[in-house]
Structure formats: C-alpha cells, structure tokens
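There are 2 protein chains.
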Amino acid sequence: MDITSDTHSQHISRQFNHELEDLKNHLMAMGGLVEKQVQDAVIALIEGDSSLARQVSDQDRTVNDMQIKIDEECTRVLARRQPAASDLRLVMAVTRAVSDLERIGDEATKIARNALTLSESDNGKKGFVEVRHISERVRNMVRDSLTSFARFDIDLALKVVHEDEAVDSEYTTAMRSLMTFMMEDPRSITSVLSVMWVLRALERIGDHANNLAEYVIYLVKGLDIRHIDPDDLDEEALKQRN
Amino acid sequence: MDITSDTHSQHISRQFNHELEDLKNHLMAMGGLVEKQVQDAVIALIEGDSSLARQVSDQDRTVNDMQIKIDEECTRVLARRQPAASDLRLVMAVTRAVSDLERIGDEATKIARNALTLSESDNGKKGFVEVRHISERVRNMVRDSLTSFARFDIDLALKVVHEDEAVDSEYTTAMRSLMTFMMEDPRSITSVLSVMWVLRALERIGDHANNLAEYVIYLVKGLDIRHIDPDDLDEEALKQRN
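Residue numbers (our numbering), protein chains in the order written: chain C, -2 to 239; chain V, -2 to 239.
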C-alpha cells in the first residue's frame, strides 16, 4: 500500500470536503441576509418606516453579488473536483438554491418599494392584517427551508412543501377581500393595489422557499419532486427510499 | 504514437460533442414549446377562446417533464464527462436556461387561466390593445433569446437585454392606464385586475427572456452580466473581450 499517495488523497478529499462546507456556509449566509430583507421589508411596510424600506432596496446589490460569487464557486468546484453522486447533487442544488434566494431578495425589494408608496398614502392600513399574517408564515417557510438544507432534514423540507399549499390558499382569500375593499371604496384603488402587489410578492417568496425544500429532497434522496403534487408525496415512502 | 488510443479518444470526444449538441437541441425544443404556449395563451385571451386556454394549461405538464429530463441530462453529462471551460459553461447555462423556460411556461399558464376568467366576463376588451402590443414584443424577446443561444450570438443577446428595459417601461405605462379605467368604472375592477395579472405575467416572461440572453453572454464570454445595468454594458468592449 502506498502510504504517501494515500495521505495525499486523504488531503485532497479533506480539502474537497472543506470546499463543499464553504459552499454550504456561503449559501446559508446569503439565506440569512435574504430572510432579514423579507422581515425588514414587511416591518417597513407595517410601520411606515421609509428609511428601513430604502435600506432593504440598497441591500439588493449585496445579495446579487453573493449570488454571482457562489455561482462562480460552484463552477470552480465542478471544474477542479469533478464531483460525482451526492457531491455533484450538492453543487447542483446550491447553484439552483442561490437563484431562488436571489429572487426572494428581488421580491423583498418589491415589498420595500410598495412600502415607500404606501407610506405616502392614507390607505388606513387596509389589508395589513393579512400581510402580517401571511408574511409570518412565509418567513418561517424561508427559515425552515434553509435549516432543512443545512441539516439535510427531509421531514422539515416536506413540512415546507405542505405549508406552501396552505399559504397559497390564504393568499387567494386575502386577495378576494382586498378586491371587495376596492369595489366598496374606489378611492382606495391605488393603495389597495400596492397591498396586492405585496401579497403577490409574499406568495412568490413562499414558492421559492418551496423550491429550496424540493432541492433538499433531491439532494438527500436523488429524487426530483418538482412538479409532483404535494398530496401525492407519500412521506413514509420517501423516507424509506434510497 | 498510440493510434488505437488516439482513435479511442477521438471517439469519446465525438460522442461528447454529440451529447452537448443533444442538450442544446432539447433546450431548443423546450423553448419552441414554451414560445408556442405564450402565443396561444395571448390568442386565447384576445379571442376569448377557452378551449385554447385549457390546451395551454394542459401543456404545462409536458414542459415540466422536459425540464426534469434536461436537468437529469445535464447532471449525467457533468458526472460522466467532467467537462471543463466552455463545455462546463454550456452545461451550466443549459441548466439555468431550462429553469427560466419552465417559469415562462408557468406564466403562460397564468395568462391562460385569466383568459378563462375573462371569457366569462363582459370586460369589453379593456387593456387588450396593451396586452397585444406588449405580448408581441415579449414573444420576440423569447424567440431572439433562444436564437442567440442556438447561435451563440452575442449581438442578438444584447438586443434582448436592451429590449427588456423598453418593455418594462411600456408595462408601467399600461398598468397606469388600467388603474385609471378601474377608478372611472369600479364595476370593471374584477376584469381589469385579470388584465393586470396578464400584463404582469408578460413582464415576467420578458425578464426570463432577458435571463436567457444573459446566459448566452456568460456562455460565450465567460462573463456574468446578471445584475449589471444594461446602460453600463459597453457593447464594443464586450465584443472585443476574450
């Protein structure tokens, strides 16, 4: 047995693991920032805090830079390490996940922009209860999807997928009641529309968290569940797979 | 010189090129289908053709299946061929592009769904002129972005990026005039909102075409221009790069 080469390959593999850990950590850092953006955007809206809203918009550039950097890291790892099997799946999942995180950042920026518009109108906080409620559920989804990614936790990922369905139905109800507001008081149309855009953005954020959760399942199980109806996902079967 | 091994490696490389060509062709087939979906969804809306609208929705499943298949193909090529440099960039660009194409398909489905709602209302075709106009520009963007991908045509890709700016500003104007319609005639709120969702979907389709064009630039130049202001893109400098 060639001990030198063995030590060498152990060294390579240690370094490779280190690179994969780095990738995951950078993804988590980006996720943390994006989660904060969503939270701040909603606070800015509800409290009419326009300086916080501007701060969220300004941070969009940082999020974008993070995406580019992590994508480059992924490409570098693919080129140099030529990973296979689960390592390859990890790199592919990270490159997909950063794209969703970046879009969550975009949606947070849209919320912040509407917060600015609304801070100048006398909307009387119509629809704010719905915004607050849905935003809390969606923020939990983002947090849970990131945690499930960090821990390769399938159960938590599945929880996010199911939660997305519940959020979608709450979103539909909220949109309907906002439409009623508009019809009852046409002078409120402009400001209620802004609240509608906010709800839409929140619903999209939920979709992206759902995507993140699906990547975790792909990562752990090698099973691509995108486009499968959540009701058709047999959790036990999924858990026993592999 | 070992002729046998040389022939063998030529054979491998021919097969690899063949696989990369396949990837591109499958992407183009998916792109063609998605382009058709956008076109049909808008025709269904404008002509009130609900059976065409349902057809668009039904096709969403085919588009989703194509995405999963092409993604698997990409992962397989990465695992088996361990491509480097521009080949690696091609595979990465394809995996990103299918995700945008799939979302274009989703947006087309949303348009079709609104076409169904509108076919049952007496909206009087408010906003249809704007929909028709913006949809034509956006469809051209999708087509051009796909062509630029097929031909690695940087000039065409840059044209798409600039066109996206023009569409965004037209979208904003159209939304404003729809808001005026609503305020003038509150009974039209429900149906005008549907038209607004359609415009929103079209604007998103433009964004995705823009993403596709950016991947082409990344592909050809190794330069990631996502998040760079189009006005800061010096076309000459970009062309002379590499």
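C-beta atoms are modelled at their ideal positions from N, C-alpha and C, and glycine is treated no differently.
Who are the Cβ neighbours of residue i in its own chain at under 6 Å, not counting the five residues just before and after it?
i, result
"C/Arg201", "Glu104"
"V/Ser132", "Val39 and Leu199"
"C/Asp161", "Gly203 and Asn207"
"V/Arg134", "Val164"
"V/Met89", "none"
"V/Val213", "Ser145, Phe146 and Ala154"
"C/Asp182", "none"
"V/Ile9", "none"
"V/Arg93", "Tyr212"
Run through DSSP, which three-state label would residue i get?
i, result
"C/Asp57", "helix"
"V/Phe149", "coil"
"V/Ile225", "coil"
"V/Gly28", "helix"
"C/Gln7", "helix"
"V/Gly219", "coil"
"V/Gly203", "helix"
"C/Asp182", "coil"
"C/Asp37", "helix"
"V/Asp46", "coil"
"V/Gln12", "helix"
Report all residues from its chain with a CB closer than 7 Å to the CB of residue i; omit the five preceding and five following residues, and keep chain order.
i, result
"C/Leu113", "Ser47 and Ala50"
"V/Asp84", "Leu17"
"V/Phe13", "Arg78"
"C/Phe125", "Ile43"
"V/His5", "none"
"C/Val252", "Because chain C spans -2 through 239 in this model, residue 252 of chain C falls outside it and cannot be assessed."
"C/Lys33", "none"
"C/Ala234", "A caution first: C/Ala234 carries a pLDDT of 49, below 50, which makes its placement in the model unreliable, though a value can still be read off. There are no such residues."
"V/Trp194", "Lys107 and Asn111"
"V/Thr217", "Correcting the residue type first, residue 217 of chain V is Val in the shown sequence and not Thr. Phe149 and Ile151, listed in sequence order."
"C/Gly219", "Arg86"
So, under 8 Å CB-CB, residue i and residue j are touching, yes? Tell me the CB distance rounded to an integer number of Å.
i, j, result
"V/Arg136", "V/Gln36", "6 Å"
"C/Leu209", "C/Leu115", "That pair is no contact at about 29 Å."
"V/Val192", "V/Lys123", "7 Å"
"V/Glu117", "V/Leu196", "Going by Cβ atoms, the distance from V/Glu117 to V/Leu196 rounds to 20 Å, so no, they are not a contact pair."
"V/Met27", "C/Thr187", "That pair is no contact at about 39 Å."
"C/Val164", "C/Met179", "Not confirmed; about 22 Å, so no contact."
"C/Val60", "C/Val31", "6 Å"
"V/Tyr215", "V/Arg86", "7 Å"
"V/Ala76", "C/Ala76", "No, V/Ala76 and C/Ala76 are not in contact; Cβ-Cβ is about 14 Å, not under 8 Å."
If I measure Cβ to Cβ from residue i and keep anything under 8 Å in the same chain, skipping five residues before and after, which residues do I get?
i, result
"C/Val240", "No answer is possible for residue 240 of chain C: the residues shown for chain C start at -2 and end at 239."
"V/Val157", "Met138, Asp141, Ser142, Ser145, Ala206, Asn207, Leu209 and Ala210"
"C/Ser54", "Thr106, Ala109 and Arg110"
"V/Ala147", "Lys21 and Met25"
"C/Gly29", "Leu143"
"V/Arg129", "Val39 and Ile43"
"V/Met(-2)", "With a pLDDT of only 47 at V/Met(-2), under 50, the local geometry of the prediction cannot be trusted, and no value is derived from it."
Item checked: Meets three-Cβ-pair contact criterion under 8 Å: the segment 47 to 67 of chain V and the segment 196 to 210 of chain V -> Under the three-pair Cβ rule at 8 Å, the segment 47 to 67 of chain V does not count as touching the segment 196 to 210 of chain V.
Note to self: Restricting to runs no shorter than 4 residues, where is the alpha helix (DSSP H) found entirely within the segment 49 to 134 of chain V?
What the structure shows: Counting whole runs of 4 or more residues, the segment 49 to 134 of chain V contains the alpha helix (DSSP H) stretches 82 to 116.
Check: Using 8 Å as the Cβ pair cut-off and three pairs as the minimum, do the segment 145 to 158 of chain V and the segment 169 to 179 of chain C touch?
Finding: Too few Cβ pairs lie closer than 8 Å, so no.
Notebook entry, point to check: Between the segment 18 to 45 of chain C and chain D, which residues of the former have a C-beta closer than 9 Å to a C-beta of the latter?
Noted result: In summary, chain D is missing from the structure at hand, where the protein chains are C and V.
Next item on the list: Count the C-beta pairs between the segment 51 to 66 of chain V and the segment 93 to 104 of chain V that are closer than 8 Å, then say yes if the count reaches three, no if not.
Entry: Yes: at least three Cβ pairs fall under 8 Å.
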